[in-house]
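J.:
Number of protein chains: 2
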Amino acid sequence: MPQPASLQASAGGFVLTSQFRAVTTHFDNSRLDGAIHRTVQQLRQKTGLPLSLEATASAEAPLTIEVQGAGEAIQSIDENESYTLSVTPAGAHIEAATVVGAMHGLETLVQLVQPSGSDYILPLVSIHDSPRFPWRGLMIDCGRHFEPMDVLKRTLDGMAAVKLNVFHWHLTEDQGFRIESKLYPRLTAVGSDGLYYTQQDARELVSYARARGIRVVPEFEMPGHSTAWQVAYPKLASGNPPTSIRRDFGVADYELDPTREETYQFIARFLGEMATIFPDPYMHIGGDETPAPDWKTNPRIVAFMHAHHLKDNAALQAYFNTRVLKILTGLHKHMVGWDEILNPALPKDVVIQSWRGEASLAQGAEQGYQGILSAPYYLDAMKPAGTHYLADPLPSSSSLQPQQRKLVLGGEICMWAEQLYAGTIDSRVWPRSAAIAERFWSPENITDVDDMYRRLNVISIQLEGLGLHHLTQEDASLRELAGTQNIDQLRIFASALEPVSFGERYHEQKTSQLTVLNSFVDAVRPDPPSRYKIARLTETFLKSPQSDSADQAALTHWFETVANSVPTVEKQMQHSPRLAEVQQRAQQLPDLAKTAMDAIHFISSGTHASVGWKASKLAQIEAAKKPSAIVRFTFIDSLNLLVNAVQE
Amino acid sequence: MPQPASLQASAGGFVLTSQFRAVTTHFDNSRLDGAIHRTVQQLRQKTGLPLSLEATASAEAPLTIEVQGAGEAIQSIDENESYTLSVTPAGAHIEAATVVGAMHGLETLVQLVQPSGSDYILPLVSIHDSPRFPWRGLMIDCGRHFEPMDVLKRTLDGMAAVKLNVFHWHLTEDQGFRIESKLYPRLTAVGSDGLYYTQQDARELVSYARARGIRVVPEFEMPGHSTAWQVAYPKLASGNPPTSIRRDFGVADYELDPTREETYQFIARFLGEMATIFPDPYMHIGGDETPAPDWKTNPRIVAFMHAHHLKDNAALQAYFNTRVLKILTGLHKHMVGWDEILNPALPKDVVIQSWRGEASLAQGAEQGYQGILSAPYYLDAMKPAGTHYLADPLPSSSSLQPQQRKLVLGGEICMWAEQLYAGTIDSRVWPRSAAIAERFWSPENITDVDDMYRRLNVISIQLEGLGLHHLTQEDASLRELAGTQNIDQLRIFASALEPVSFGERYHEQKTSQLTVLNSFVDAVRPDPPSRYKIARLTETFLKSPQSDSADQAALTHWFETVANSVPTVEKQMQHSPRLAEVQQRAQQLPDLAKTAMDAIHFISSGTHASVGWKASKLAQIEAAKKPSAIVRFTFIDSLNLLVNAVQE
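Chains E and G, in that order, are what the protein sequence lines are. Sequential numbering from 56 applies to the first sequence in our numbering. Sequential numbering from 56 applies to the second sequence in our numbering.
#1: Would you say H630 (chain E) faces chain G, with C-beta separation under 8 Å as the test?
#2: Pull up the distance between the alpha-carbon of S631 (chain G) and that of G172 (chain E), whole angstroms please.
#3: Return the bridge partner residues of Q408 (chain E) from the DSSP annotation.
#4: Closer than 8 Å by beta-carbon distance: list the chain G residues that pair up with D205 (chain E), in chain order.
#5: Using 8 Å for Cβ pairs, my map puts V704 (chain G) next to M507 (chain G). What's the rounded Cβ distance?
#6: So, under 8 Å CB-CB, T80 (chain G) and E134 (chain G) are touching, yes? Tell me the CB distance rounded to an integer number of Å.
#7: With distances taken from CA atoms, which of E:I176, E:V621, E:F688, E:E150 is nearest F75 (chain E)?
#8: If you scan the stretch 101 to 187 of chain E from start to end, which runs of the beta strand (DSSP E) of 3 or more residues do you find wholly inside it?
#9: Which first and last residues belong to the alpha helix (DSSP H) in which E352 (chain E) is found?
#10: Taking Cβ positions, are Y251 (chain G) and E235 (chain G) nearer each other than 8 Å?
#11: Could you tell me whether the Cβ of I516 (chain E) comes closer than 8 Å to any Cβ of chain G?
#12: Are the CB atoms of S659 (chain G) and Q601 (chain G) nearer to each other than 8 Å?
#13: To test your reading of the DSSP string, which unbroken beta strand (DSSP E) runs of 3 or more residues are found completely within the stretch 178 to 236 of chain G?
#14: Below 8 Å on C-beta distance, what does Q74 (chain G) contact in chain E?
#15: Looking at H443 (chain G): is its Cβ nearer than 8 Å to the Cβ of S482 (chain G)?
#16: Short check: CB of M338 (chain E) to CB of Q166 (chain E), under 8 Å?
#17: Using a Cβ cut-off of 8 Å, which residues of the stretch 520 to 535 of chain G contact any Cβ in chain E, in chain order?
#18: For a test of the three-state rule: what should DSSP assign to Y374 (chain E), helix, strand or coil?
#19: What do you get for Q642 (chain E), buried or exposed, if any count of 16 or more other CB atoms within 10 angstroms of its CB means buried?
#20: Which first and last residues belong to the alpha helix (DSSP H) in which V571 (chain G) is found?
#21: Could you give the distance in angstroms between the alpha-carbon of R355 (chain E) and the alpha-carbon of D367 (chain E)?
#22: Cβ of Q100 (chain G) less than 8 Å from any chain E Cβ?
#23: When Cβ atoms are compared, which residues of the stretch 566 to 594 of chain G fall closer than 9 Å to chain E?
#24: Would the beta-carbon of F690 (chain E) fall within 8 Å of that of A551 (chain E)?
#25: Between the Cα of G192 (chain G) and those of G:R560, G:A648, G:E493, spot the shortest distance and give me the residue it belongs to.
#26: Is the distance from the Cβ of G412 (chain E) to the Cβ of N376 (chain E) below 8 Å?
#27: Report the three-state DSSP secondary structure of A551 (chain E) (helix, strand or coil).
#28: Using only the alpha-carbon positions, how far apart do H92 (chain G) and L108 (chain G) sit?
#29: Going by CA-CA distance only, name the one from E:V379, E:R580, E:A347, E:F575 that's closest to K438 (chain E).
#30: Cβ of L711 (chain E) within 8 Å of Cβ of V571 (chain G)?
#31: Could you tell me whether the stretch 557 to 569 of chain E touches the stretch 530 to 542 of chain G, where touching means 3 or more Cβ pairs closer than 8 Å?
#32: Does the pairing of the stretch 214 to 223 of chain E with the stretch 265 to 280 of chain E give three or more beta-carbon distances under 8 Å?
#33: If the cut is a Cβ gap below 9 Å, which residues of chain G does N619 (chain E) touch?
#34: How long is the line joining the alpha carbons of D653 (chain G) and I542 (chain E), rounded to whole angstroms?
#35: Would you mind reading off the limits of the alpha helix (DSSP H) that contains H339 (chain E)?
#36: Against G441 (chain E), what residues of chain G qualify as contacts under a CB-to-CB distance less than 9 Å, listed in chain order?
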């Protein structure tokens, strides 16, 4: 995962032994050596074989890697990422034009390893692979909640494993300015809560990413989402900024002043400083959500707009963007921004990142703008991996013309951070991002959701082996919530629940930066295995609802098991006020499970329910859909199908 | 945990609200602020209350902290670590002479928090606390396997939580020299596998430790365990050192040459450099295990010994130590070394760390040497926490005189690293170290093992909240071993097994630095909950073996559950060669469980087994005690008791 563009398999395999060793021919460099080293570490871990970590010069090693050259000094979107990988009875062979291509081949190699009898083998395959889109990104919002360096590093490890190649680093927000400026030290000293990346950190991360074939695109939000800039340097403000960073979330009313020359001097010096840290040819200036009430009321700004024939805020923002674009061009950087920067006044070499949707992206492409799709890949929507997976950045049904289609560079997963922190981020990002990564890399026609989930479960374990905590965070949080290590029943209870969407949580909780993110909702994972399992079982059961079928038994057993967990959990709630928050869910679960089991019985036995049963149960389901403890039942849609299938 | 020296509790408690806030009176400094910040973070996590992270100047805050002064600029063994903590209906109050004392008080405060109805409270208490021993250490061997900085940092977090105050950093070994020397760069360039701490890392760790009231005592092994020095600088060798670091373990035959002046010049310059990094007044020179065959055969060394009237290797080592002591004295450092440095030729201000046992420690004290006990605290012996817990560094039964008793400074837990790495260290160190920490801090008469285990289970969760992975490593490893996330049954199976001792594993596996430490034995934890639980149930059941008692039911249920896990696990073994390693254990488990259930039945029903039953079952137990997959059954001693209690 992601599935290669082309794979031919034959019967049999190459058996891995402790002699398995990499040899580089034609070309070698330290970045390639590093990738080989990491690959061998993973192979050691997977097979238990004491493989040698160093590449060898001998030509007898069964893994040969033939790379034409290092690739670009600064990885661009045109970097050749293709590779071929063949496994024969004599060994494995990787060929690539660049080190980045070879890295992708090595990641594929790791995933090929499988048990066979008492050995581990590489199946015999011939793979020709290259990405469908050149821009395959993951954005992490480090503004609203700071993420320590080790979290970002393990995120990059996970990205490399699934061939994502752009780390979009959201570095500034109303709630915190997270990157050190030596020219403007107040940006972090006053504009943050003390948590920020030093320039050394940032350089280290850029180099860590490059070692893994990943570009780093930094984002500095302007003119909106910039309260932190203005808290630190009030002269930049269009109006009266607050005196300290915001702790609450939501769109702020504080924009930079686009009418003062000093603003551009500041931005030019600041971006110039950032350009010495971030070598990527792209810089992201944000640009979204700029209500800018001050632009309508500040007499100086109103006068400026009048003088420059700028009829509204959008026109003023376009003026601002034109000025910033000039600065970026001077720094040899391309501009990237969110939908709102889209304006005919801007030249065609800016890139639009669309959070509004495919239509907005297509609109940009029609006007000649390059674009990246993000709208369907918002992880905080808490949608299933399967939903994200089926959203295509450029479906063949799109009405765009061939030349316009080329303008769609790819997609970016977005992980906004209002409702997460270092202790919970992994389970929000992984494994769902792996499914989206496949969408960005693999051919459009790879859309088998069943097969995706099967493989997602496997890669999830690989990601855990790389140091990600997405599978362990839940247990750790449940132990802390319950104050005991006896969480067998609580774990079962929790497996039937998942976090509600960002919007619903925000509405219910009024989450702020000061909210402690250690409630039950923070423990449970989005799209946990139970959701898909029950949906799938329900589907097959309803197709041929036989009594005593395996599907019926599995469904009934699952509902019985989750219902049986409740008494223990309710006892634990008596000793934990924080766990008691889910009391209502605990009360609802056994009743819902009973409804499910009754429905299954009615359907499989062909008996009819008494009149009114269905209406009363549908009402029960509706009640259970109402907000409670900002978590929802993973099986509620399946239960709805079951109840609706009952005959009265 | 550790239990305070004196605690008086009264009924009721102080209810924590989001207004709870710390105020420092009399004195404040940044180290204290840092400790308060960490405390509030923990309180937020524990209670979910959005407590303010900053201390306030207002006197109305319900947590007042009164500290007399910063304490010593470089924390010594004489640092005043005492504190008082009182909780009244009006709030909490901590008093201490030093910041270190206040830190201990804050750690105690965190542990006091408990649920009460729908609130979290601090119970009303009055605590006067100070440590029994001034030296409460944990040694981590970073030579044989390197531990990344984040592992060491979370270890220090755990140490602070249980009031350990010495991090003994074992930095050099035959298998790797782990600390950067700018004077002698080959020490790491040639004398390691590339994994080492930079001087900046080391300074960072010293400062991280100081912020938590922990001293850092570095160890540089000499003249033995020094292959890495000699690989890098062959001139230091007594004989012919190898050309690369050792990968196998066990005592090496390569000692530094104690007869050449250049050796001492080298040591003097190197230790001088280290003294600029490590401010602690103590430096550890190792000194253990020096077979030194070259000292008997190298003609130059033999001639030197003759000329200096040094009759044997021990005398030559004493000469060496005297010379090194002079260097350390010049650096204003006290010398610490293992038992072997004990020699009447050495002045009395060296400290002996005893890995040989209480007798050796007492012998040192009788001769006037200060000592630290380590022998009973070797974590790689894979002994139960309860065993370590009951080993006292200075039992009241000791024959030492009052003046000699003062020479026993305390104890040190030792975590040698032949058989662990970053992925497994946490479950080897924690939570057992917390039990030993209590032994070092609390009064001698605190020896209730039941109560210790009860509290250990609680603090284990707190340690997990600090970022330690001791409770999650097992699941992560089991998932990787089985290649599936369905580990419910495998988890149950694994819960009945634990790693064998260091010695047995070494014998069976011939572990080397290249061994991949990801077998089943690496997944399971020493002294897992099942061991103590079954031992305790067996004990109470045998005391009054009634049919239908709760003990009988719990015991039978447990054995039934673990036996029932086997079919699923055996199926998983078919798809995992690495998991299949435990096949024999899986075969043995159901039979042993059946024996247990039969025995319980015989005993509780008062029926007799047929003649020969007992002998055959004891033989079965003996067979199960034989090595297999370097893991052992946690219940085997209990089973033995049960079978022996059956009447024929």
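Don't be surprised by glycine CBs; every beta carbon is placed ideally from N, CA and C.
T.: This is what the structure holds:
#1: yes
#2: G172 (chain E) has its alpha-carbon roughly 8 Å from the corresponding atom of S631 (chain G).
#3: E:W393, E:I427
#4: D205
#5: Outside the displayed range of chain G (56 to 703) lies residue 704 (chain G), so it cannot be described from this structure.
#6: Contact flag wrong, Cβ pair sits at about 21 Å.
#7: Of E:I176, E:V621, E:F688, E:E150, the residue nearest in Cα terms is E:I176.
#8: 118 to 122, 138 to 143, 146 to 151, 169 to 171, 174 to 184
#9: Note that residue 352 (chain E) is Thr in the sequence shown, not Glu. Element bounds for T352 (chain E): 349 to 352.
#10: yes
#11: yes
#12: yes
#13: 190 to 196, 221 to 225
#14: None at all; the shortest Cβ gap to chain E is about 14 Å.
#15: no
#16: Cβ distance not < 8 Å, so M338 (chain E) and Q166 (chain E) don't count as in contact.
#17: G520, H524, L526, T527, D530, A531, R534, E535
#18: The three-state reading of DSSP puts Y374 (chain E) in helix, counting H, G and I together.
#19: Result: exposed.
#20: No alpha helix (DSSP H) holds V571 (chain G); DSSP gives it neither H nor E.
#21: 15 Å
#22: yes
#23: S567, L569, T570, V571, N573, S574, P584
#24: yes
#25: G:E493
#26: Contact: no.
#27: It is coil, neither helix nor strand.
#28: 5 Å
#29: Cα-wise, what sits closest to K438 (chain E) is E:R580.
#30: One cannot answer for residue 711 (chain E) here, as it falls past the ends of chain E, which runs 56 to 703.
#31: no
#32: yes
#33: By Cβ distance, chain G contributes nothing, its closest Cβ being about 14 Å from N619 (chain E), past 9 Å.
#34: 29 Å
#35: Looking at the DSSP string, H339 (chain E) is not in any alpha helix (DSSP H); the run it does join, the beta strand (DSSP E), is 337 to 339.
#36: Result: empty, since nearest Cβ-Cβ is about 17 Å, beyond 9 Å.
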